[in-house]
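Trainee: If you read the sequences in order, they're chains D and B.
For the first sequence, counting from 1, position 35 maps to 35 in the UniProt record's numbering; every step adds exactly one.
For the second sequence, counting from 1, position 23 maps to 23 in the UniProt record's numbering; every step adds exactly one.
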Amino acid sequence: MLPCHRETAGCLDVWSSPCPFLFIPADIISTVEFNPTGELLATGDKGGRVVVFQREQESKNQPHRRGEYNVYSTFQSHEPEFDYLKSLEIEEKINKIRWLPQQNAAYFLLSTNDKTVKLWKISERDKRPEGYNLKDEDGRIRDPSTITALRVPVLQPMDLMVEATPRRVFSNAHTYHINSISVNSDYETYMSTDDLRINLWNLEITNRSFNIVDIKPANMEELTEVITAAEFHPHQCNTFVYSSSKGTMRLCDMRASALCDNHSKFFEEPEDPSNRSFFSEIISSISDVKFSHSGRYLMTRDYLTVKVWDLNMESKPLETYQVHDYLRSKLCSLYENDCIFDKFECVWNGSDSVIMTGSYNNFFRMFDRNTKRDVTLEASRENSKPRAVLKPRKVCVGGKRRKDEISVDSLDFSKKILHTAWHPSENIIAVAATNNLYIFQDKVN
Amino acid sequence: MYSKGTKRKFSGSADTATDDKAMAASYSLQRQSLLDMSLIKLQLCHMLVEPNLCRSVLIANTVRQIQEEMTHDGSWQVVTEAFSSPSHGPSDRLVATEVLCRSPVLEQQGGGPKLYSVMGYNGCREEEVVTDKALCSVAVGDGAPALLLGTIGHCWDRAELRVAEVEAGVSEDSLSGSGDEEETRCREGTKLATGQVFGMFEIKNSPPGSDPALEELFSDVDASYYDLDTMLTGIQSTPKMGPYDLLDSLASSHGPTSNSTCRADLNELDHIMEIIVGS
């Protein structure tokens, strides 16, 4: 793993795009995820499509051309469905993609929409058998009477073809909308989470799942809290965490009981009475929760902040970072136009020293946990000329606006960066801005 | 508190008492506006094919919070008494839960809520962020009541605009803030709507099935409508008349709104609603 923090230039400083931004014209990107080695990058969109990018092998002849990502495979993962019992349309939008660790030549990923999780196998084919006995080259069955000699089919090289096939379909287990999936470190099970329940699956078995968390009240009138995200611990296969709309997290141990309604740990920060308003609960709702790679820390994203928690301290977070505090005085407008319900995700870098999350106006923010420095960058076409370094941006809160600054009132709230991903070991990031995907890497390496 | 940061306009100490009173008045107006906005959002939720449960729960909690505070203030009683019907009883049940439980069929009794429920929600969602001097900061003076009504009238106006212009293919301008134009247009219409928004609380106070007239009216309604689970995950059976059917009928019978016809239009719409409910 490459260290991110350097003497001369911290990794917050120099980000550029190796090639012109990648433009996917079709649909709004709804999820982005690197595979465990970083060789592949998958995106899911609102139209149910998955596009997988592969990193070019670095050639010795052109060492300055760092590995670029090119399209590797595109497939339709989910189609729109109609639930006849409830007269409801089920959206095909891909909510989450999670890769499985690679165990053979093929790649496997889980993709999910609101109701159904699918396991996809992506494999390469670069050879083709030729010389069948019973059928001719066109595939037509030969008349057995015409066969006078036998031959052994030979594998001939062909143009590389990447095919994606659905290997498992996990359906009919969720009444509410699936918001998360997480693969267990045992590589045998995974969990799927909806607003009120979490189910545990075996990757091989599609007709049965186990319910491990259920917060649905007997009387739905008493419903005041929903599950917003969940994730397995990266190393302990019995531990997982789930977050709620009330800004709390619960760490659960599956060894304790079959139904993990009783948590082992309960993380909640006491409310700041001076900041209390009618919007306090809404902005405290956690939109994303991620374990650090080390498994020692948890990161949560709520509307205005990102917080890092120590697993051993439940009473308050270790660190709190302000993402866009200038929005605090605009909460009423943001409530009116529904922006206050936007669900931003957050990610760790490979060494857990830097965290990143998105904001509005196509801005995204990085926070260096060691130096306490932070930077705001913009994912836009103007800034993405090849190898041009991204310029830090600044939002002017009040008073005199400097030349390069942008005022809060000029921010474009329709341009939101909800989904980002960080390469597992290198300083390469993928940023989804509506229907454009940007890939940036730092120049220090 | 709802918001902070009032600047005193008058430096004189003699006006302290009046200032405090003015602040309190504008705070409760703002709180009211937030309550109305939340209720509108919840109702529009019902018409979406797949309501987002997290969002609905958060909005409902906000409504509950406001209602609790208003109950402590004593202002909640004032509100319910103002719009009480003869059969009014003390409303102990929190409104928020009732809103979550309410079936769209029952809403037709009060024309107000139904007005919002037939609107395409897309128009509201794509609105640009407005500089919310009006709603976020403390507004003192005459502007406030008009703003309050303007907020409620927002969605209604926008939907009418959509209906009228949909053939021309004119893309909606974002209605930036509640401009004066809107206020004058909607003042009367939305006063009516506000009353009806509160009016619907009274309907839920009587336990279902107690009123024989109501019973007869809804005798053919599937009882599973009242199951909240069903409500939140979608309507169990397709309604007789979808929201788009109603919009079409509105388009044919209404032209673009004007000052004088606003109230007339609403009355006509009420009439249409009664016909539909009666059928």
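Glycine included, every Cβ here is placed at the ideal spot set by N, Cα and C.
Taking Cβ positions, are Val395/D and Ile417/D nearer each other than 8 Å?
Mentor: Going by C-beta atoms, Val395/D is not nearer than 8 Å to Ile417/D.
Trainee: What number of angstroms, rounded off, separates the C-alpha of Ile90/D from the C-alpha of Ala42/D?
Mentor: Straight-line Cα distance between these residues: approximately 22 Å.
Trainee: My understanding is that Pro101/D touches Pro36/D, with C-beta atoms under 8 Å, so please give their C-beta distance in whole angstroms.
Mentor: Going by Cβ atoms, the distance from Pro101/D to Pro36/D rounds to 5 Å, so yes, they are a contact pair.
Trainee: In whole angstroms, what is the alpha-carbon distance linking Thr425/D and Arg142/D?
Mentor: Checking the displayed sequence, the identity of residue 425/D turns out to be Ser instead of Thr. Between Ser425/D and Arg142/D, the C-alpha separation is close to 54 Å.
Trainee: Spell out whether any CB of chain B is found under 8 Å from the CB atom of residue 448/D.
Mentor: As displayed, chain D neither begins before 1 nor continues past 445, which places residue 448/D out of reach and without an answer.
Trainee: Buried or exposed: where does Pro386/D fall if 16 or more other Cβ atoms within 10 Å of its Cβ makes it buried?
Mentor: Its Cβ having fewer than 16 others within 10 Å, Pro386/D is exposed.
Trainee: Just the C-alpha distance for Met220/D and Val226/D, rounded to the nearest angstrom, thanks.
Mentor: If you take the alpha carbons of Met220/D and Val226/D, they lie about 12 Å apart.
Trainee: Would you give the residue range spanned by the beta strand (DSSP E) that Tyr72/D belongs to?
Mentor: Segment Tyr69 to Gln76, the beta strand (DSSP E) holding Tyr72/D.
Trainee: Can you find the residues in the same chain that come closer than 7 Å, C-beta to C-beta, to Arg8/B, ignoring five residues on each side of it along the sequence?
Mentor: Residue placement at Arg8/B is poorly supported in this model, since its pLDDT is 49, which falls under 50; the coordinates still yield a value, given next. Contacts found: Asp19.
Trainee: Around the Cβ of Gln441/D, are there at least 16 other Cβ atoms within 10 angstroms (buried) or fewer (exposed)?
Mentor: The residue is buried, with at least 16 neighbouring Cβ atoms inside 10 Å.
Trainee: Indicate whether at least one CB of chain D lies closer than 8 Å to the CB of Ser176/B.
Mentor: With a pLDDT of only 36 at Ser176/B, under the threshold of 50, the placement of this residue in the model should not be trusted; the figure read from the coordinates follows. Answer no: the Cβ-Cβ gap between Ser176/B and chain D never drops below 8 Å.
Trainee: If you run the structure through DSSP and keep just helix, strand and coil, what is Cys54/B?
Mentor: Residue state, collapsed to three classes: helix.
Trainee: Run the proximity test for Ile428/D: is its beta-carbon closer than 7 Å to any non-hydrogen atom belonging to the ligand SAH?
Mentor: Judged by which ligands are present, the structure shown has none, so any question about the ligand SAH falls away.
Trainee: Per DSSP, Met191/D forms a beta bridge with which residues?
Mentor: Answer by DSSP bridge pairing, in chain order: Ser182/D and Leu200/D.
Trainee: Would you list, in chain order, the members of the UniProt domain "SERTA" (27-74) of chain B that have their beta-carbon closer than 7 Å to a beta-carbon of chain D?
Mentor: The UniProt domain "SERTA" (27-74) of chain B vs chain D, Cβ under 7 Å: Leu34, Met37, Val49, Glu50, Leu53, Cys54, Arg55, Val57, Leu58, Asn61, Thr62, Gln65 and Ile66.
Trainee: Taking a Cβ distance cut-off of 8 Å, strictly less, list which residues of the segment 250-284 of chain D are near chain B, in chain order.
Mentor: Answer in chain order: Arg276, Ser277, Phe278, Phe279, Glu281 and Ile282.
Trainee: At 7 Å on the CB atoms, spell out the chain B contacts of Thr224/D, in chain order.
Mentor: In chain order: Val57 and Asn61.
Trainee: Determine the extent of the alpha helix (DSSP H) in which Ile283/D is found, giving its start and end residues.
Mentor: Start and end: Ser280 to Ser284.
Trainee: By the 10 Å Cβ neighbour count, where 16 or more other Cβ atoms means buried, how is Val177/D classified, buried or exposed?
Mentor: Checking the sequence, you will find His at residue 177/D rather than Val. The residue is buried, with at least 16 neighbouring Cβ atoms inside 10 Å.
Trainee: If you run the structure through DSSP and keep just helix, strand and coil, what is Ala106/D?
Mentor: Coil.
Trainee: Using the beta-carbon of each residue, which ones in chain B are nearer than 8 Å to residue 451/D?
Mentor: Nothing in the structure corresponds to residue 451/D, since chain D is present only between 1 and 445.
Trainee: Would you verify that the beta carbon of Thr228/D is, or is not, closer than 8 Å to some beta carbon of chain B?
Mentor: True, the Cβ-Cβ gap to chain B drops below 8 Å.
Trainee: Any beta-carbon of chain B closer than 8 Å to the one on Ser182/D?
Mentor: Closer than 8 Å: no.
Trainee: What does the Cβ neighbour count give for Ala164/D, buried or exposed, with the cut at 16 atoms within 10 Å?
Mentor: Ala164/D should be labelled buried.
Trainee: Since Phe341/D meets chain B, which of its residues come closer than 8 Å, beta carbon to beta carbon?
Mentor: Those within 8 Å of Phe341/D in chain B are Asn52, Cys54, Arg55 and Leu58.
Trainee: Tell me the rounded alpha-carbon separation between Gly139/D and Cys237/D.
Mentor: Taking the straight line joining both Cα atoms gives about 48 Å.
Trainee: Nearest to Phe75/D by alpha carbon, out of Pro217/D, Glu269/D, Arg98/D and Lys121/D?
Mentor: Ranking Pro217/D, Glu269/D, Arg98/D and Lys121/D by Cα distance to Phe75/D puts Lys121/D first.
Trainee: What are the residues of the segment 183-203 of chain D that lie near chain B, defined by any Cβ-Cβ distance shorter than 7 Å?
Mentor: So the list reads Asp195, given in the order they occur along the chain.
Trainee: Verify the CB distance criterion: does Ser353/D have a CB-CB separation below 8 Å to chain B?
Mentor: By this cut-off, Ser353/D is not an interface position.
Trainee: Can you give the Cα-Cα distance for Phe108/D and Glu39/D, rounded to whole angstroms?
Mentor: Phe108/D and Glu39/D: Cα-Cα distance of roughly 13 Å.
Trainee: When the Cα of Ser70/D is compared with those of Val169/D, Lys46/D, Val51/D and Glu271/D, which residue comes out closest?
Mentor: Residue identity check: residue 70/D is Asn in the sequence provided, not Ser. Checked all of Val169/D, Lys46/D, Val51/D and Glu271/D; the closest Cα to Asn70/D is Val51/D.
Trainee: Which residue wins for smallest C-alpha separation from Ser333/D, given the options Val408/D, Ser264/D and Asn262/D?
Mentor: Nearest of Val408/D, Ser264/D and Asn262/D to Ser333/D, Cα basis: Val408/D.
Trainee: Do Ile215/D and Met299/D have their C-beta atoms within less than 8 Å of each other?
Mentor: Their beta carbons are not under 8 Å apart, which means Ile215/D does not touch Met299/D by this criterion.
Trainee: With a cut-off of 8 Å, do at least 3 Cβ pairs link the segment 63-71 of chain B to the segment 29-46 of chain B?
Mentor: Yes, they touch.
Trainee: Just tell me which of Val154/D, Asn362/D and Cys339/D has its CA closest to the CA of Glu382/D.
Mentor: Looking at the Cα atoms, Asn362/D is the closest of the given residues.
Trainee: Report buried or exposed for Arg255/D, applying the criterion of at least 16 other Cβ atoms within 10 angstroms of its Cβ.
Mentor: The residue in question, Arg255/D, is exposed, as its Cβ has fewer than 16 Cβ neighbours within 10 Å.
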